[in-house]
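In order, the protein sequences belong to chains A, B, C, D and E. Quick note: the first sequence uses this note's numbering, first residue 1, plus one each step. Quick note: the second sequence uses this note's numbering, first residue 1, plus one each step. Quick note: the third sequence uses this note's numbering, first residue 1, plus one each step. Quick note: the fourth sequence uses this note's numbering, first residue 1, plus one each step. Quick note: the fifth sequence uses this note's numbering, first residue 1, plus one each step. We put the beta carbon where it would ideally sit given N, CA and C, even for glycine.
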Amino acid sequence: MSLQFRARMPDRGFDVALDVAEGETLAVLGPNGAGKSTLLALLAGLLRPAEGRADLDGTVLFDVPPASRRGTVLPPHRRGVSLLAQEALLFPHLTALENVAFGPRSRRGGDRSADPHTLARTWLDEVDASGLAGRRPHELSGGQAQRIAVARALASEPRLLLLDEPMAALDAAVAPALRRTLRRVLAGRTAIIVTHDILDAFTLADRVVVMDGGRIVDSGPTRTVLDRPTSPFHAGLAGLNLLVGTVAASTPGGGEVDVELDVELGVELGVEAAGTRVRARADAPLEPGRPAAVAIRPSHITVTVTPPATDTTTTTTAATATATEPGHTVLEAHVLDLEQRGDVVRLRTEHLAADLTPGEAAALDLTEGQRVWCRFAQADALAYPR
Amino acid sequence: MSLQFRARMPDRGFDVALDVAEGETLAVLGPNGAGKSTLLALLAGLLRPAEGRADLDGTVLFDVPPASRRGTVLPPHRRGVSLLAQEALLFPHLTALENVAFGPRSRRGGDRSADPHTLARTWLDEVDASGLAGRRPHELSGGQAQRIAVARALASEPRLLLLDEPMAALDAAVAPALRRTLRRVLAGRTAIIVTHDILDAFTLADRVVVMDGGRIVDSGPTRTVLDRPTSPFHAGLAGLNLLVGTVAASTPGGGEVDVELDVELGVELGVEAAGTRVRARADAPLEPGRPAAVAIRPSHITVTVTPPATDTTTTTTAATATATEPGHTVLEAHVLDLEQRGDVVRLRTEHLAADLTPGEAAALDLTEGQRVWCRFAQADALAYPR
Amino acid sequence: AGGASGSPADPADAPGTATSPGTAAPDTSTLDGSVTVFAAASLKGTFTELATRFEAEHPGVDVELNFAGSSDLVTQITEGAPADVFASADEKNMTTLTDAGLIDPAAPVDFATNVLEIAVPPGNPAGITSFADLANPAAKVVVCAPQVPCGAATASVEQTTGVDIPAVSEESSVTDVLGKVTSGEADAGLVYVTDIAAAGDAVQGIAFPESANAVNTYPVAVVDHAGRLDGATAVARAFVDFVAGASGRAVLSPAGFGAP
Amino acid sequence: MSYRSLPRWLIVVAIVGAAFVVLPLAGMVLRVDWANFLPLITSESSLDALGLSLRTSLAATALCIVLGVPMALVLARTRFWGQKVLRSLVLLPLVLPPVVGGLALLSTFGRRGLLGQTFDAFGIQLAFSTTAVVLAQTFVALPFLVLSLEGALRTVGTRYEAVGATLGASPSTVLRRITLPLVLPALLSGAVLSFARALGEFGATLTFAGSLQGTTRTLPLEIYLQRETDPDAAVALSLVLVVVAIVVVAVAHQAGEASPLRRGRRLVPDAQDSADIRPVERRQS
Amino acid sequence: MSYRSLPRWLIVVAIVGAAFVVLPLAGMVLRVDWANFLPLITSESSLDALGLSLRTSLAATALCIVLGVPMALVLARTRFWGQKVLRSLVLLPLVLPPVVGGLALLSTFGRRGLLGQTFDAFGIQLAFSTTAVVLAQTFVALPFLVLSLEGALRTVGTRYEAVGATLGASPSTVLRRITLPLVLPALLSGAVLSFARALGEFGATLTFAGSLQGTTRTLPLEIYLQRETDPDAAVALSLVLVVVAIVVVAVAHQAGEASPLRRGRRLVPDAQDSADIRPVERRQS
Ligand SMILES: Nc1ncnc2c1ncn2[C@@H]1O[C@H](COP(=O)(O)OP(=O)(O)OP(=O)(O)O)[C@@H](O)[C@H]1O
Ligand SMILES: Nc1ncnc2c1ncn2[C@@H]1O[C@H](COP(=O)(O)OP(=O)(O)OP(=O)(O)O)[C@@H](O)[C@H]1O
Ligand SMILES: [Mg+2]
Ligand SMILES: [Mg+2]
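#1: Quick one: is leucine 182 of chain E near chain A, going by C-beta distance under 8 Å?
#2: I need the boundaries of the alpha helix (DSSP H) containing leucine 184 of chain D, first residue and last residue.
#3: Starting from the C-beta of threonine 302 of chain A, find all residues in its chain whose C-beta is less than 6 Å away, skip the five residues before and the five after it, and write them out in chain order.
#4: Of the residues C:Glu55, C:Val222 and C:Ala234, which one's Cα is nearest the Cα of proline 105 of chain C?
#5: Look at the Cβ atom of arginine 112 of chain D, then the Cβ atom of glycine 123 of chain C, and state whether they are nearer than 8 Å.
#6: Assign isoleucine 103 of chain C to one of three DSSP states: helix, strand, or coil.
#7: Using the C-alpha atoms, what's the distance from histidine 234 of chain A back to isoleucine 216 of chain A?
#8: Ligand 3 and aspartate 164 of chain A: does any heavy atom of the ligand fall closer than 7 Å to the residue's C-beta?
#9: CB of arginine 12 of chain B to nearest heavy atom of ligand 2: below 7 Å?
#10: Using a cut-off of 8 Å between C-beta atoms, extract the partners of lysine 140 of chain C located in chain F.
#11: Between proline 231 of chain E and chain C, is the shortest Cβ-Cβ distance under 8 Å, so that the two count as touching?
#12: Based on Cα-Cα distance, which residue from A:Val210, A:Pro285, A:Arg386 and A:Pro76 lies nearest to threonine 173 of chain E?
#13: Quick one: grab the DSSP three-state call for threonine 194 of chain C.
#14: Would the C-beta of threonine 38 of chain B count as close to ligand 2, meaning under 7 Å from any of its heavy atoms?
#15: Which ranges would you report for the alpha helix (DSSP H) in the region 24–83 of chain E if only whole runs of at least 4 residues count?
#16: Between the Cα of glycine 27 of chain D and the Cα atoms of E:Val32, E:Leu114, E:Ile65 and E:Arg87, which residue gives the shortest distance?
#17: What are the partner residues of glutamine 4 of chain A, as DSSP defines its beta bridges?
#18: If we call anything under 8 Å between Cβ atoms a contact, is proline 65 of chain A one with methionine 9 of chain A?
#19: Give the secondary structure of phenylalanine 91 of chain A by DSSP, where H, G and I count as helix, E and B as strand, and everything else as coil.
#20: Three-state secondary structure (DSSP) at alanine 202 of chain C?
#21: Cα separation between leucine 364 of chain B and threonine 304 of chain B?
#22: May I ask whether a heavy atom of ligand 1 can be found less than 7 Å away from the beta carbon of aspartate 30 of chain A?
#23: Closest by CA to alanine 209 of chain D, which one among D:Arg31, D:Val85, D:Leu135 and D:Ser194?
#24: In whole angstroms, give me the CA-to-CA distance for glycine 33 of chain C and proline 39 of chain E.
#25: Nearest to glycine 415 of chain B by CA position, among A:Gly33, A:Gly359, A:Thr95 and A:Gly103, is which residue?
#26: Quick one: which chain B residues come within Cβ less than 7 Å of alanine 362 of chain A?
#27: Please determine, among C:Thr182, C:Ala83 and C:Ser247, the residue with the shortest C-alpha to C-alpha distance to valine 37 of chain C.
#28: Could you please tell me which residues of the region 287–308 of chain B, in chain order, have their CB closer than 7 Å to any CB of chain A?
#29: So is cysteine 148 of chain C in contact with chain D if we call contact Cβ pairs under 8 Å?
#30: Assuming phenylalanine 202 of chain D contacts proline 143 of chain E (C-beta within less than 8 Å), just tell me the rounded distance between them.
#31: Alpha carbon to alpha carbon, what distance is there between alanine 96 of chain B and leucine 10 of chain E?
#32: Rounded C-beta distance between glutamate 117 of chain C and threonine 217 of chain C? I'm assuming under 8 Å.
#33: What's the gap between the Cα of threonine 349 of chain A and the Cα of arginine 371 of chain A?
#34: I want to verify the contact list: residues of chain A whose CB lies under 9 Å from the CB of proline 285 of chain B, in sequence order.
#35: What does DSSP give as the partner residue(s) for aspartate 218 of chain B in the beta ladder?
#36: Would you verify that the beta carbon of alanine 167 of chain C is, or is not, closer than 8 Å to some beta carbon of chain D?
Here it is as structure tokens:
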């Protein structure tokens, strides 16, 4: 075990215990104020825990007994822990090369065999930024600066690399390049990455920890936690609609499943979905009577303002989830709001969220509280046990 | 005609002529540096044009003859033009109420009948912010502050209201509420709104002007410009994939159309789509031989890393756009990059962009340059003349 | 040996002067070393001249001069400033030092006197001709504050003559009084004869007989310093004698100073 | 997240530095003859001097504000040829030996100075008047106000002013209702520094205004004169000045910290806005 | 987008204010007797005084840096009880009449002062030596350095320092390679202001160090003394000081403007990043 960490900070309601294996990359997810940055600050030595102990490769980072003003707290520069934040924070008075060489040059005693500048050049190469060596930070774009910051963090040869939303401040257009770089350099490295970006977790991390209110509320391999979410929070992270219920019927060997929903949805609007059945696809056989979840992509949901009248079956009043077209399910719902996200419009109802194009959204001319019908193909709904 | 505007600023490459009718809301779209903010600054009186003339309801805002240092330029406070920027810029030393009352109190002479504070309360009500009257700007969230700023701008009873990306600095979660407010207050008001947000244009504006490089490159009613884009730029604004070509065959009375693509796409990767046929849906009959455009939503495109082998028809090599399943078209393509946008992942190829969930993207495990197959239903592709 | 002790504040030049005993000097050529003289600001011109002459007479001797208001000098000496000779513009400040035990009460020698004179700007715009004219409230008259020597002298003349001067300012130094007159701010000022002589064309002097009632006496003395070597004291004594003697008179008289 | 680690040796040097400033003040306090302290500082001449000092310093501060605010605005908000030179000139009194400052004032406002003759013709005589004291103090204190205010004006920027103008406020209204309130803390702290500097002014007053009890003899001049007869009394009087100055500097620093712009932007979460967030939602970066 | 509109009357007042500062300086220049100017300023005593002034001011500036940098760091980067009081005390010499400053120094370093006796025992006599001049100048100039630097340190913040520490740099290395380079412009401008203030120092020097040609008689003291005999010569000498001060203030302002943090962040578009953008793309707000 490379990192063993346990710390409490009662004034921030922070209480976390956490291990990271040698070479493992851990993603930390969670809402704002969950304590993610606090975790990293404790590890980097920028905060002193009220109580706790952390050990990295046999070095005690801190060891503070409860209710004590004493205890060991190693200063940041002796920890071998590099922190890369949202902003690149390149030293403005140094060139990119000198920024990267900062760590090697500052290293106390020890290995002085390698020339810091040679080392810095190697790392600049590694992040595809050799061409930027002579530039000053103010001559770099956000993405370039962040790439140099990665090289700088790595050049100090940390035993643990911390990344606090490294892509959050970047334009959408330059994030992918940095993600590719990170994917390459994080392979086999002990690292913790805080992110709001589920794609980062998927592409960079081996394991995911979800924090909320200063505590770890969930953890596990990336796939298990995010691919088949079983809680609305995870579904939200993964960008999926989630309906939970009980398996009512299942075709043998997987294929089609009927799930009877067991949650009451949209109570405030007088619509009840509990007891309603939806038909979904399943990869593996599901045993009737067992709890199941159904995930549907918001972009697979079609919204109409009139009931799908062309269908042969009529929709029932109130909570309605019936197969109206062959292989389709329709749910009646009410508009909560509309929101532009990138170039799609996210329509939220009490049950489901749907993604529309701006043109579609404008064509529907929706107002808050309006009744709409959400339709999805049963092939687009995936059922799995929970 | 309420506003007549024509101005040149050679040092910024700006040359625009523009009219806005009484009560009309005009959206100005365009890439960064297009000159949108310059336009607003000229109208508000914060910039002096090198040449030009503007007239608002009979008041000359400026009238600068070519190559002259003279000319009339009305100072900002005499124009009756209010400007609302990205940041709320509420006066930090005044409460919300006093901020709103600032305009009425500052009005020179004239109508002093209404008490500024009474007026301010009315406007705070109008933007659903009466509860915030006594707060100072630092006690307000971004969304609340922007709402107060709207009230402040309106309370000064401008003859022309200018909005420069009013929602750009807001969290996605609070933008919808402000958009609803704006929609209400902009109705019947002469206004110009600069936005990167196509939904704003759709929901708030009667007419759209597209600027690029300091000039107007397109203009027209919102729907015409954005709903059925005929240029890649408009398609980009509307968040649609656009394929252009010539009508090859059409079912009478609309319905199905085959379009032979006439642009070379993805030349760099050795894939050629020109001459390829795609089948699309059409709302109105299209005459064979006439130019047409086909629009497809990125979220309607399914991506696989293996050729859809279950299909009975095999895919041809290179540029391939064949109906593999009944009613489906498959195009072979190569990954340019992946990018997280909100909670979907945008995959870009040389032909088409597709939206995936993070889980799907991770499952495909795509690398740059990899060969993929993009599939879409012909019902999801809309053909129209261009 | 005496040279090194002469000026701890500036030891650099002391050894240099000690190396060259006067070649063609008279019997006093045995003197060498440096002497630091603290002199009242009003003695700047004359003492600079005297120092030059003294150095010419004693090639091995270096005279350092420190000028400031007499009371400033007293403060400095009490605080340990390296003074060998103190020349005061009044007897009061000298007494302060003898009381403090820094100067042998028998040592001070009066070497000059000075009397007040009326200074007016060139052209005498207010038409002042006598001491009594200073009482004219229309004329702007500047005097020294009673706390400083020239002010004390002014006060005693006022007392004996019964003339009450409605001064517009009571300055803390003669220089400030003179400054007001030379700049034309004031129509008249009461300063010493010597100040008027030094100011040249910038002011006109008007002597008045009543000034005899307040003759200011300038004493000079060697400062006792514990640990100071005899060599320095010898030079200091020689300088005091030089100032109080005929050579001193030759320089002081043309500047307006009277004999003690 | 905060990082505050200073090398130990540095703290030691800082303590030496602080001692260098604080010890002399302590030394002064120790020298004061407390038995005579009260009679001394309540003597007529001392009270006269203190009263005059306070009055003239207040007047000088007012004059600094009247002249300095426009100067700071012009320096911060306009561009003109020779601006840099002018700024250097305006800051000059900060570093000029006060006596030289007094000489310079004399050469302009003195009876035979550049403007003195003009003033004379109108029957205005500055010399030896309390007005001259105020002018001398204003001359040396003005840079403090201009310096503080210009910096603050540049920091605040013109964006709020532009908004005010588009809301219909004339330049004067913008100045009164936006610009000045925004830089009020800097204005206050600049004014307080100016006041303190005016209070301590000595050389220029002595040279330019003279020294007459109740009219032009301010507390520093009184201290200077007191030294002639009783240096210890001078130290005691200085202490009064020091205490006034400490109070004034402390107030200035307090005012500077209360700036509304330094407070930054606290985002108070509010039900009205956050109620929109649903479980399926997550923060978009 | 810029808005720069000042009420007319304000500009008029600003001109009056500028005239108030500039005219006295012009008045001085007009009074100079140019025929005698060169001989006067090249006389031995003048050159001695100028040389001494430059040497002691440089030494004082160095001492200000040595003491002031740690003080500014401690004030900006740590929190301790009594910090506000200490800051007020440190700024005190800024507003103290120089003569009082000199008295305070005497009461500490003088022979009868707090530390003077200790120093005396070691055979060190500070008062009335060139060292005393340097101390007096340091005392009055220190606040300028501490003030400028503390502000800059607070503006820069601790984020870069934290990054440096996580990269393995010890507190001393962080100080040397990050903190000081970041505040270098402020340090320079503070040092230059300190130098200027030291150059103009008069009262404290006279009281604490005396006025001995070549040893303690700096240019301001020479000017003061020159007034005894020839006020016009004093004005001419003042002019030399004014010119040095103007140059120095101009340099200080220049240095302040070159701050790397003031330059802001220019985003230079780069092929490597922008090549990713395809037609279907648009900026995401
Ligand atoms: N400097 C601070 N002093 C005291 N409390 C703080 C400080 N910074 C953060 N907190 C509190 O600690 C808790 C955790 O904050 P933290 O910054 O670690 O959250 P986070 O998960 O990083 O959030 P985000 O996603 O917004 O970055 C919050 O309750 C916050 O209010
Ligand atoms: N203060 C300025 N001085 C000179 N040129 C400027 C200034 N501000 C902008 N420009 C130039 O004017 C042109 C138009 O800029 P403008 O700010 O109007 O663009 P915009 O459309 O508002 O862009 P964005 O979407 O980034 O806000 C650009 O070429 C820009 O470089
Ligand atoms: Mg955080
Ligand atoms: Mg803009």
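For this structure:
#1: Locating residue 182 of chain E in the fifth sequence gives position 182, where the first residue counts as 1. Yes, leucine 182 of chain E counts as interfacial toward chain A.
#2: Translated into the one-based positions of the fourth sequence, residue 184 of chain D becomes position 184. Segment 184–200, the alpha helix (DSSP H) holding leucine 184 of chain D.
#3: Position 302 of the first sequence, counted from the first residue, corresponds to residue 302 of chain A. Cβ neighbours of threonine 302 of chain A beyond the five flanking positions: Arg375.
#4: For the purposes of this step, residue 105 of chain C is taken as residue 105 along the third sequence, with counting starting at 1. Minimum Cα distance to proline 105 of chain C is reached at C:Val222.
#5: Sequence index remark: in the fourth sequence, residue 112 of chain D carries index 112 (1-based). Sequence index remark: in the third sequence, residue 123 of chain C carries index 123 (1-based). Contact flag unset, no.
#6: For the purposes of this step, residue 103 of chain C is taken as residue 103 along the third sequence, with counting starting at 1. Here isoleucine 103 of chain C carries a coil assignment [DSSP, helix/strand/coil].
#7: As a working note, residue 216 of chain A is residue 216 in the first sequence. As a working note, residue 234 of chain A is residue 234 in the first sequence. The alpha-carbon atoms of isoleucine 216 of chain A and histidine 234 of chain A are separated by roughly 14 Å.
#8: The residue you call residue 164 of chain A lines up with position 164 of the first sequence. True, at least one ligand heavy atom lies under 7 Å from that Cβ.
#9: In the second sequence, counting from the first residue as 1, residue 12 of chain B sits at position 12. Arginine 12 of chain B Cβ: within cutoff of ligand 2.
#10: This model lacks chain F altogether, as its protein chains are A, B, C, D and E.
#11: Within the fifth sequence, the letter at position 231 stands for residue 231 of chain E. Yes, proline 231 of chain E lies at the interface with chain C (some Cβ there is under 8 Å from its Cβ).
#12: Here residue 173 of chain E refers to the residue found at position 173 when the fifth sequence is read from its first residue. For threonine 173 of chain E, the nearest C-alpha among the options comes from A:Pro76.
#13: As a first step, residue 194 of chain C must be located in the third sequence, where it is residue number 194. Residue state for threonine 194 of chain C is assigned as helix, using DSSP reduced to three classes.
#14: The count along the second sequence starts at 1 and reaches residue 38 of chain B at position 38. Distances from the CB of threonine 38 of chain B to the heavy atoms of ligand 2 include at least one below 7 Å.
#15: Counting only runs of 4 or more, we get 34–41 and 44–77.
#16: Taking the first residue of the fourth sequence as 1, we reach residue 27 of chain D at position 27. Here the closest residue by C-alpha is E:Leu114.
#17: As a position in the first sequence, residue 4 of chain A is number 4, starting the count at 1. Partner(s): A:Asp19 and A:Asp55.
#18: Counting from 1 along the first sequence, the entry for residue 65 of chain A is found at position 65. Counting from 1 along the first sequence, the entry for residue 9 of chain A is found at position 9. No.
#19: Taking the first residue of the first sequence as position 1, residue 91 of chain A is located at position 91. Residue state, collapsed to three classes: coil.
#20: In the third sequence, counting from the first residue as 1, residue 202 of chain C sits at position 202. Three-state DSSP puts alanine 202 of chain C in a helix.
#21: Stepping through the second sequence from its first residue, residue 364 of chain B is reached at position 364. Stepping through the second sequence from its first residue, residue 304 of chain B is reached at position 304. Approximately 7 Å, taken between the alpha carbons.
#22: In the first sequence, the residue the question calls residue 30 of chain A occupies position 30. The amino acid at residue 30 of chain A is misidentified as aspartate; the sequence shows glycine. Glycine 30 of chain A: yes, Cβ under 7 Å from ligand 1.
#23: Indexing the fourth sequence from 1 puts residue 209 of chain D at position 209. For the residues D:Arg31, D:Val85, D:Leu135 and D:Ser194, the minimum Cα distance to alanine 209 of chain D belongs to D:Leu135.
#24: In the third sequence, residue 33 of chain C corresponds to position 33, counting from 1. In the fifth sequence, residue 39 of chain E corresponds to position 39, counting from 1. In a straight line, the C-alpha of glycine 33 of chain C is about 31 Å away from that of proline 39 of chain E.
#25: This structure cannot settle anything about residue 415 of chain B, because the visible part of chain B is limited to 1 through 386.
#26: The sequence position of residue 362 of chain A within the first sequence is 362, counting from 1. Those are Phe202 and Thr203, listed as they occur along chain B.
#27: Taking the first residue of the third sequence as 1, we reach residue 37 of chain C at position 37. Closest option to valine 37 of chain C, Cα to Cα, is C:Ala83.
#28: Arg297 and Ser299
#29: Counting from 1 along the third sequence, the entry for residue 148 of chain C is found at position 148. According to the sequence displayed, residue 148 of chain C carries valine and not cysteine. Taking Cβ atoms only, chain D reaches closer than 8 Å to valine 148 of chain C, which makes this a yes.
#30: Sequence index remark: in the fourth sequence, residue 202 of chain D carries index 202 (1-based). Sequence index remark: in the fifth sequence, residue 143 of chain E carries index 143 (1-based). In this structure phenylalanine 202 of chain D does not touch proline 143 of chain E by the C-beta definition: roughly 17 Å separates them, more than the 8 Å allowed.
#31: Taking the first residue of the fifth sequence as 1, we reach residue 10 of chain E at position 10. Taking the first residue of the second sequence as 1, we reach residue 96 of chain B at position 96. Rounded to whole angstroms, leucine 10 of chain E to alanine 96 of chain B spans 30 Å at the Cα level.
#32: By 1-based counting over the third sequence, the position of residue 117 of chain C is 117. By 1-based counting over the third sequence, the position of residue 217 of chain C is 217. Not confirmed; about 16 Å, so no contact.
#33: Numbered from its first residue, the first sequence carries residue 349 of chain A at position 349. Numbered from its first residue, the first sequence carries residue 371 of chain A at position 371. Roughly 9 Å between the two C-alpha positions.
#34: If you number the second sequence from 1, residue 285 of chain B lands on position 285. Here the premise fails: no neighbours, minimum Cβ distance about 21 Å.
#35: As a working note, residue 218 of chain B is residue 218 in the second sequence. Answer by DSSP bridge pairing, in chain order: B:Val210.
#36: By one-based count along the third sequence, residue 167 of chain C stands at place 167. For alanine 167 of chain C, at least one C-beta of chain D is nearer than 8 Å to its own C-beta.
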